[in-house]
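Residue numbers for the sequence shown, in our numbering: 801 to 1017. Glycine residues also receive a C-beta, built at the ideal position from the N, C-alpha and C atoms. These numbers come from a predicted model, not from an experiment. As structure tokens, the structure follows; a few thoughts come after it.
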Amino acid sequence: MNSPKQLLEKLKTLLNSENGKKPNKYHYLLIALALGIGFMLVSNLLSGQTAMPDVSQVSGMSSASDKDEEVFKPADEGGGSGSIEKYEQEYENQLKEALDSMSGINNAMVVVNVEATSEQILERNSVSQNQTTEETDPQGGKRTVEDGSTEESVVIIRKGDQETPIILQTKKPEIRGVLVVAEGADNIQIKKSIVEAVTRVLGVPSHRVAVAAKKGK
């Protein structure tokens, strides 16, 4: 493609060669018009090559009647079991330390089984659209059709080159069951104290807690 400067030189040459006459004001006006068009073409070409889309939100469509809670689960690079085991280990260590410090309990062993990893609820922008259409059948009857949809997008915070969603709440994983084996658990009162301590600390019902006495050496 010729540059605007080359286009200008060609126009001058063409006008000067026309009947050997010197260009007048009308000719220079044509040159200016052609030069402006050339600049516009070059500008559009360059902007079309360098334009890049700016993605700032993660969008999704959902039905207006869909009331299920949307949650964000962080991906586990080494597999989901690694994160689950981490939660279980933390619960077990804390419970063991607490139980061993209680009167009448020694050498406690704790096993905790969790349902899954933690869940994070994200901030979302929601836009609802409602459309009402009136239809008429061949017999002259009329009916009104209402159609609604909701578009949701995750709110993103940009920090330099990184994009991070806004987290409203982080839910701890649900605990499926707890087993405690300890010296002294053969005593009814101590066993009751262990069950009460576990249920209060972990927020689980008593039927999910099993307590057994550790056998003597």
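- The shortest CA-to-CA distance from glycine 1016 to any of Arg1000, Ser993, Ala982 and Glu996 is the one to Ala982.
- In the DSSP annotation of this structure, the continuous segment of the beta strand (DSSP E) that includes asparagine 906 starts and ends at 906-914.
- Within the DSSP bridge table, the entry for valine 980 names Val910 and Val1011 as partners.
- Around the beta carbon of isoleucine 837, fewer than 16 other beta carbons lie within 10 angstroms, which makes this residue exposed.
- Under DSSP, the beta-bridge partners assigned to arginine 958 are Glu963.
- Boundaries of the alpha helix (DSSP H) around asparagine 893: 880-900.
- Here DSSP, grouped into helix, strand and coil, assigns glutamate 923 to coil.
- With at least 16 other beta carbons inside 10 angstroms of its own, valine 1009 counts as buried.
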